[in-house]
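For the sequence shown, the positions run 812 to 1012 when the working numbering is used.
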Amino acid sequence: MKEIVIATKNKGKAAEFRDFFGAYGIKALSLLDLPEEMPDVEETGTTFEENAALKAEAISKLLNKTVLSDDSGLVIDALDGRPGVYSARYSGEGANDAKNVEKVLHELEHIAYNNRTARFVSVLAVATPGKETIFKEGSCEGHISFQPQGKHGFGYDPIFVPDGYVVTMAQLSGTEKNRISHRKHAMDRLNEWIQQELQSL
């Protein structure tokens, strides 16, 4: 079976990519699946694209393998695009999903629902030794709810209501979430590359 390394230690994110690549007969290994410990790559970029490239290229160089990195986050219009690239560490030192969600809800406390427009954005970077890094982007539009709901998903899923739905991303099944998610849309754009390049690895 073909393999690709996903530059993440996030179990939820790794599971999504395993499902996506499994459909192509490709085994996706996260950093947690590797026998050797990979160093943390500092995300010093100011855009999703820069951060995704930093991770993919650094791990690809270490392993001499094709590595996919995803940098993604929540972009909220009423907060001038925050939390954006700082989504995972938005609540500061000791940040976790619950604290990040709490901070966002606090900042949107007096904002009406119609003005709580937001989108999840995902930028995929694929680094292959000796080749130019490629990028694909996807997004999922929606609104921020007033309180967390649902137990599925991770991150900001419990407060994100996708357009066309009346429930949060965390209330959707994994199958339904994967059908509409920002990562799925980015993966759809990666489809042609997967068909042509990855099958020949």
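Cβ atoms here follow ideal geometry from the backbone N, Cα and C, with glycine treated the same way.
In this text the structure is predicted, and so the values were computed from the model without any measurement.
A residue is called buried when at least 16 other Cβ atoms come within 10 angstroms of its Cβ; residue 954 meets this threshold and is buried. Proximity to residue 998 across 860, 822 and 827 peaks at 827, based on C-alpha coordinates. When DSSP states are grouped into helix, strand and coil, residue 834 belongs to the coil group. If you draw a straight line from the Cα of residue 935 to the Cα of residue 874, it comes to about 19 Å. Counting only the Cα atoms, residue 932 lies some 17 Å from residue 821.
Of all C-beta pairs linking the stretch 836-852 to the stretch 887-905, fewer than three are shorter than 8 Å, placing the two stretches out of contact.
Here the alpha carbon of residue 845 sits roughly 31 Å from the alpha carbon of residue 912.
Per DSSP, the unbroken beta strand (DSSP E) holding residue 954 starts and ends at 945-955. For a cut-off of 8 Å, the C-beta gap from residue 870 to residue 916 is around 34 Å, too long to register as a contact. C-alpha of residue 929 to C-alpha of residue 854: approximately 23 Å in a straight line. Contact check for residue 830 and residue 989: beta-carbon distance about 6 Å, within the 8 Å limit, so the pair qualifies.
Pairing residue 996 with residue 951, the inter-Cα distance amounts to about 8 Å. Apart from the 5 residues on each side of it in sequence, residue 833 sits with its Cβ closer than 8 Å to the Cβ of 839 in its chain, given in chain order.
Membership of residue 932 in the beta strand (DSSP E) is indicated by the continuous run 928-938.
Taking the CA atoms as reference points, residue 825 sits about 6 Å from residue 841. Nearest to residue 924 by alpha-carbon distance, out of 858, 849, 957 and 872, is 957. Under the DSSP assignment, residue 871 falls in the alpha helix (DSSP H) whose first and last residues are 859-874. Taken through DSSP and simplified to helix, strand or coil, residue 839 comes out as strand.
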